[in-house]
Amino acid sequence: MAFPEPRPQAPQLPQHLLRTINCQQGAVRAVRFNGDGNYILSCGSDKSLKLWSMIRGTLLKTYSGHGYEVLDADSSFDNSQICSCSSDKTVILWDVATGQVTRKLRGHAGKVNCVQFNEEATVTLSGSIDGTVRCWDNRSRKSEPIQILDEARDGISSLKVVQHELLTGSVDGRVRRYDLRMGQLHVDFIDSPITCVCFSQDGQCTLSSSLDSAVRLLDKSTGEMLGEYKGHKMKGYKLDCCLSNRDTHVLSCSEDGHVYCWDLVEGSLSLKLLVGTAVVQSLSFHPSETRLLTAMEGRVQVWSAEPEETEDEAPLL
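Just so you know, we're using UniProt numbering here: the sequence shown kicks off at 1 and counts up by one.
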């Protein structure tokens, strides 16, 4: 006798606040998970970059070396390096363990909005308000970038690199996808300044948010719009959007103090998560678990699908 298959559970969403971290570094401009999701990077307007334990919410290291507010950061796959960028026009590579600056990369003509390692952390890519993406060889001691991509007609607000593909979003309203292996460029025009771009986990789609308060899902190969997500407010700030770790939901920051979460296929609003009364500046979804980071003013919030079970822990010495 055959039993019917159990109905698949609807994917859970991170709506329980596990902890709030008071970062004490001015306004938090960006918050990021590291590659395996065990650590948190927070970028501060006080020129500092901080590394936190995701489990305990404790401060592990402070990295100081930028001359102005830190706008973005990324961790290498082996967690040994961090790259960060700043309004001081520089990109800095850090040794995680010692907290020392290993390289300071100069060349951008304006503030650097976004930065990311490639998969092997052999190249750092940075996007600036000067309209260029610069590719830096981390193994070389040369101070010049190995490649400059200058197709944008305005500032670069966001970039993501996966394998041999680079996705950039620009204030000129265009999402550009570079196939670095084939030397090809594909452009999708969105009639509003882009604030954030990312690839879907399966690599078939691109997601972009823009200042017309819309998030759009495009087919990567054809440019066809597969979904448009609205309801949040994004008019004057450079705010993040992302996909959940299983590509089931689209998430976006909002200027009204919420994170909006839509069902990717249906386009319906699944969750309107109240973070606070100010602008939700940044967010980051855990690479493998249903956990979410949000940044508002000087604090970072860690959210989970389940309330945390409290255990009696030995006091930290």
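C-beta atoms are modelled at their ideal positions from N, C-alpha and C, and glycine is treated no differently.
Q. Taking the alpha-carbon positions, what's the G203 to R246 distance?
A. As a working mapping, residue 203 is identified with position 203 in the sequence shown. As a working mapping, residue 246 is identified with position 246 in the sequence shown. Roughly 12 Å separates the two Cα atoms.
Q | Secondary structure of T310, DSSP reduced to three states | A | By one-based count along the sequence shown, residue 310 stands at place 310. Here the model assigns T310 a pLDDT of 49, short of 50, so the residue's position is not dependable, and the following value carries that caveat. In this structure, T310 counts as coil in the three-state DSSP scheme.
Q: Just the C-alpha distance for G131 and L93, rounded to the nearest angstrom, thanks.
A: Counting from one through the sequence shown, the residue named residue 131 turns up at place 131. Counting from one through the sequence shown, the residue named residue 93 turns up at place 93. Cα-Cα distance, rounded: 22 Å.
Q: Would you identify the three-state DSSP class for E297, choosing helix, strand or coil?
A: Reading the sequence shown from its first residue, position 297 is the one you call residue 297. Three-state result, E297: coil.
Q. How would you label A295, buried or exposed, when you count the other beta carbons within 10 angstroms and need 16 or more for buried?
A. Walking along the sequence shown from the start, residue 295 turns up at place 295. Answer is buried; the Cβ neighbour count reaches 16.
(Q) In chain order, what are the residue ranges of uninterrupted beta strand (DSSP E) at least 3 long that sit wholly in the stretch 5 to 72? (A) 16 to 22, 28 to 33, 39 to 44, 48 to 53, 59 to 64
Q) By DSSP, does T90 sit in helix, in strand, or in coil? A) Here residue 90 is taken as the residue at index 90 of the sequence shown, counted from 1. T90 falls in the strand class under three-state DSSP.
Q. Relative to the C-alpha of C242, which residue among K50, T222, V215, G236 is closest?
A. Position 242 of the sequence shown, counted from the start, is the residue given in the question as residue 242. Taking only the C-alpha atoms, the option nearest C242 is V215.
**Q.** For L218 and E224, the rounded distance between their alpha carbons
**A.** Numbered from its first residue, the sequence shown carries residue 224 at position 224. Numbered from its first residue, the sequence shown carries residue 218 at position 218. Answer to the nearest angstrom: the Cα atoms are 5 Å apart.
Q: Ignore the nearest five residues each way along the sequence and tell me which others in S288's own chain have a CB closer than 7 Å to its CB.
A: If you number the sequence shown from 1, residue 288 lands on position 288. Excluding sequence neighbours, S288 sits near G37, N245.
**Q.** Helix, strand or coil at S157 [DSSP, three-state]
**A.** As a first step, residue 157 is located in the sequence shown; it is residue number 157 there, counting from the start. In this structure, S157 counts as strand in the three-state DSSP scheme.
Q: Could you tell me if A109 is buried or exposed, where buried requires 16 or more neighbouring beta carbons within 10 angstroms of its beta carbon?
A: Taking the sequence shown and counting its residues from 1, the one referred to as residue 109 is at position 109. With fewer than 16 other Cβ atoms within 10 Å, it is exposed.
Q. What are the partner residues of D212, as DSSP defines its beta bridges?
A. Taking the sequence shown and counting its residues from 1, the one referred to as residue 212 is at position 212. According to DSSP, D212 bridges with nothing at all.
Q) Taking the continuous beta strand (DSSP E) assigned at H249, which residues delimit it? A) In the sequence shown, the residue the question calls residue 249 occupies position 249. First-last of the beta strand (DSSP E) with H249: 249 to 253.
(Q) Please state whether the Cβ-Cβ distance between V250 and L283 is less than 8 Å. (A) Here residue 250 corresponds to residue number 250 of the sequence shown, with the count starting at 1. Here residue 283 corresponds to residue number 283 of the sequence shown, with the count starting at 1. Cβ atoms of V250 and L283: not closer than 8 Å.
Q. Is it the case that the Cβ atoms of S45 and G26 are separated by a distance below 8 Å?
A. Translated into the one-based positions of the sequence shown, residue 45 becomes position 45. Translated into the one-based positions of the sequence shown, residue 26 becomes position 26. Yes, these two residues count as a Cβ contact at 8 Å.
(Q) Quick check on this structure: which residue in Q163, Q184, K61, A152 has the alpha carbon closest to the alpha carbon of V175? (A) The residue labelled residue 175 in the question sits at position 175 within the sequence shown. Closest option to V175, Cα to Cα, is A152.
Q. Does DSSP put K230 in a helix, in a strand, or in coil?
A. On the sequence shown, residue 230 is found 230 positions in, with the first residue counted as 1. Residue state, collapsed to three classes: strand.
Q: For G267, collect the residues of the same chain with a Cβ closer than 8 Å to its Cβ; drop the 5 residues on either side in sequence, then sort them by chain order.
A: Counted from its first residue, the sequence shown places residue 267 at position 267. Excluding sequence neighbours, G267 sits near G227, E228, Y229.
Q) Under 8 Å between the Cβ atoms of S254 and V280? A) Mapped onto the sequence shown, residue 254 falls at position 254. Mapped onto the sequence shown, residue 280 falls at position 280. Taking 8 Å as the Cβ cut-off, S254 and V280 qualify as a contacting pair.
Q | Contact check, S170 vs S192, beta carbons under 8 Å | A | In the sequence shown, the residue the question calls residue 170 occupies position 170. In the sequence shown, the residue the question calls residue 192 occupies position 192. Contact flag unset, no.
Q) Which word fits V91, buried or exposed, when buried means at least 16 other C-beta atoms lie within 10 angstroms of its C-beta? A) Residue mapping note: residue 91 aligns to position 91 of the sequence shown, counting from 1. Buried, by the Cβ-count rule.
Q: Look at the Cβ atom of L41, then the Cβ atom of R29, and state whether they are nearer than 8 Å.
A: For the purposes of this step, residue 41 is identified with residue 41 of the sequence shown, where counting begins at 1. For the purposes of this step, residue 29 is identified with residue 29 of the sequence shown, where counting begins at 1. Contact: no.
Q. In the DSSP assignment, what residue or residues form a beta bridge with H258?
A. Within the sequence shown, residue 258 is the residue found at index 258, counting from 1. L274, per the DSSP bridge assignment.
Q.
Taking 6 Å as the limit between beta carbons, can you name the residues of its chain near E308, skipping five residues before and five after?
A. Translated into positions along the sequence shown, residue 308 becomes position 308. L18.
Q.
Let me make sure I understand the geometry here. Which of I129, E306, L180, D154 has the alpha-carbon closest to that of C135?
A. By one-based count along the sequence shown, residue 135 stands at place 135. The residue with the shortest Cα to Cα distance from C135 is L180.
Q: Sort E119, N22, L264, N113 by Cα distance to S157 and report the nearest one.
A: Here residue 157 is taken as the residue at index 157 of the sequence shown, counted from 1. Nearest option by C-alpha distance: N113.
Q: Taking S76 as the reference, give the member of G276, Q116, Q184, H186 with the closest Cα.
A: To locate residue 76, count along the sequence shown from 1; it is residue 76. Of the listed residues, the one whose Cα sits closest to S76 is Q116.
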